[in-house]
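Position one of the sequence shown corresponds to residue 1 (the numbering used here), numbered consecutively onward. Structure record follows, encoded as structure tokens.
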Amino acid sequence: MSAGNVTPRGTARTEAARDHLWMHFTRHSTFSEGGGEVPIITRGEGAYVYDAAGKQYLDGLAGLFTVQVGHGRTELAEAASKQAQELAFFPLWSYAHPTAIDLAERLAHEAPGDLDRVFFTSGGGEAVEAAWKLAKQYFKLVGKPMKHKVISRAIAYHGTTAGALSITGIPEVKAPFEPLVPGGFRAPNTNIYRAPEHLREDPKAFGRWAADRIGEAIEFEGADTVAAVFVEPVQNAGGCFPPPPGYFERLREICDEHDVLLVSDETICAFGRIGELFACEDFDYVPDIITCAKGLTSGYAPLGAMIASSRLFEPFAHGDTSFAHGYTFGGHPVSCAVAMANLDIFEREGLVQHVHENAPRFRGTLEKLLDLPIVGDVRGAGFFYGIELVKDKQTRETFSGEEAERLLRGFLSPALFEAGLYCRADDRGDPVIQLAPPLVIGQREFDEIEQKLRGVLTQAWSKL
Ligand SMILES: Cc1ncc(COP(=O)(O)O)c(C=O)c1O
């Protein structure tokens, strides 16, 4: 065993991980009872990560939809080091520091419309939490105190803190923690592959239908009780549901009609994942709030942000009113310095342009997999795709719970990793493989992803 695989106390890291680390969203019995070894990633370089034995994996998920500029950027490490030496920490509680100010100005400048007020958090869930609280307080301040409910979409994931979890639409993730914060209601998402049959061939009609379901939910709840609609530009959970044409135009109309805030949760979709720095611009709508995190620093330091329109900030600019909300580490000076350096890389290397140019090639390469009997659908946008696996392509029949368990957890996840591809096999909706690689990759890596998936999916089919 190399020294790199041992803790300072002399324990094998796989054992110490099994015995002391509580991993997130992890079924620990795999390691404590099943004899599995905790996979340990020790190093990253570009689009690749390496385990303790030096084995290489293509990072098909950019860590967790995060490492936009790729791994091993010394420039970002240096930005962090420089800032930590100058001012390691100071809060944004009635005081400010230069990197938070500079980043707020930069994000305000990049964000669409009049979204020009930036509230920093430590991550995406906290930004969602902050957005809901802002929506509630804003309406109290403007004389509509009953407006407090939120509409979001089926299977959507918006975070795990109590408020964000109430907005999340995945029953299994919520069940252990019920009762949650009251006020979260669901409407259908934009999964056209599973849309009512008469709408599948008409994306525009489907978009209208899906947006109108949100309008209907607002009306069912009573518009004077609904504060906000939370949607991702491309919904992640369920396997990458892009908006059908006209969807956001209609949704914006509905929100305006009912004086309901439109919150674009871009925790995954911002910072080039779809193309533009803010994905609402890819789909041509201006929300009232953007929540973002992850790619803002490419994961080199934790940071999230809620970017609000000047209209929402206005009531907070007067008298003794304040937004009684905050986080010690929100807008951490080191994270803000890293975000600035990260956005410099975006500009210098033209990453937005790179994604726009290469997205059709990435999609085209993944679509080759449609010749496999197990691949029902390839969908997504930019550098963000879901591949839905089906039992019967003709009827779109999906797998039973037990089959999905065997297929995804039992076979696909370990087999893909073994094949040298880190990505996600997910069954929070129908079974999908999800891809969101660093934005720096090109055709060579697209082909590598396709080849690895082809091998493993062919094997999976033969095991059914
Ligand atoms: C759309 C969306 N919102 C919120 C979150 C929560 O972000 P975090 O894990 O940084 O709290 C996520 C995380 O993946 C997300 O995808």
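All C-beta atoms, glycine included, are put in the ideal place defined by N, C-alpha and C.
Neighbour-count burial assignment, residue i, 16 or more Cβ in a 10 Å radius
i           : result
residue 266 : buried
residue 306 : buried
residue 464 : exposed
residue 444 : exposed
residue 391 : buried
residue 446 : buried
residue 115 : buried
residue 68  : buried
residue 94  : exposed
residue 458 : exposed
Residue i - containing beta strand (DSSP E), residue span
i           : result
residue 443 : Premise fails: residue 443 lies in the alpha helix (DSSP H), 443-463, not in any beta strand (DSSP E).
residue 41  : 41-45
residue 120 : 115-121
residue 185 : 184-187
residue 263 : 261-265
residue 137 : Note, residue 137: premise wrong, no beta strand (DSSP E); alpha helix (DSSP H) at 124-141.
Residue i vs residue j beta-carbon contact at 7 Å
i           : j           : result
residue 59  : residue 422 : yes
residue 297 : residue 335 : yes
residue 388 : residue 376 : yes
residue 280 : residue 234 : no
residue 373 : residue 408 : no
residue 288 : residue 261 : yes
residue 294 : residue 65  : yes
residue 460 : residue 411 : yes
residue 148 : residue 183 : yes
residue 177 : residue 221 : no
residue 441 : residue 47  : yes
residue 76  : residue 404 : no
CA-to-CA distance, residue j to residue i, given in whole angstroms
i           : j           : result
residue 310 : residue 231 : 20 Å
residue 315 : residue 39  : 50 Å
residue 89  : residue 308 : 25 Å
residue 180 : residue 188 : 20 Å
residue 128 : residue 397 : 35 Å
residue 166 : residue 212 : 22 Å
residue 255 : residue 142 : 17 Å
residue 426 : residue 318 : 47 Å
residue 159 : residue 454 : 32 Å
residue 171 : residue 326 : 28 Å
residue 241 : residue 207 : 12 Å
residue 414 : residue 30  : 12 Å
residue 126 : residue 304 : 7 Å
residue 8   : residue 367 : 47 Å
residue 429 : residue 201 : 22 Å
residue 102 : residue 219 : 41 Å
residue 197 : residue 34  : 42 Å
residue 361 : residue 72  : 25 Å
residue 475 : residue 257 : In the structure displayed, the chain extends from 1 to 464; residue 475 sits before or after that span and is not available.
residue 339 : residue 386 : 28 Å
residue 399 : residue 462 : 15 Å
residue 14  : residue 192 : 42 Å
residue 382 : residue 363 : 8 Å
Cβ-based neighbour list, residue i, same chain, cut-off 8 Å, excluding 5 preceding and 5 following
i           : result
residue 470 : In the structure as shown, the chain begins at 1 and stops at 464. Residue 470 is therefore absent and cannot be evaluated.
residue 25  : none
residue 61  : 422, 423, 424, 434, 435, 436 and 437
residue 420 : 55, 56, 57, 58 and 452
residue 51  : 39, 40, 41, 42 and 57
residue 322 : 316
Own chain residues within Cβ distance below 6 Å of residue i, not counting five before or after
i           : result
residue 2   : Annotation note: pLDDT 49 at residue 2 (below 50); position unreliable, no value reported.
residue 356 : 275
residue 542 : Outside the modelled stretch of the chain, which goes from 1 to 464, sits residue 542, for which no answer is possible.
residue 138 : 312
residue 286 : 112 and 113
Element boundaries [alpha helix (DSSP H), containing residue i]
i           : result
residue 391 : Taken as a continuous stretch (DSSP letters only), residue 391 belongs to no alpha helix (DSSP H), as it is neither H nor E.
residue 365 : 351-367
residue 213 : 203-221
residue 413 : 413-418
residue 167 : 162-167
residue 84  : 74-86
residue 173 : 171-174
residue 19  : 13-20
Chain-order list of residues whose beta-carbon lies under 7 Å from that of residue i (same chain, five-residue window excluded)
i           : result
residue 352 : 272, 275, 276, 277 and 346
residue 83  : 99, 333, 334 and 337
residue 370 : 378
residue 246 : 204, 207 and 208
residue 214 : 151, 187, 229, 251 and 254
residue 157 : 168, 170, 236 and 237
residue 344 : none
residue 328 : 91
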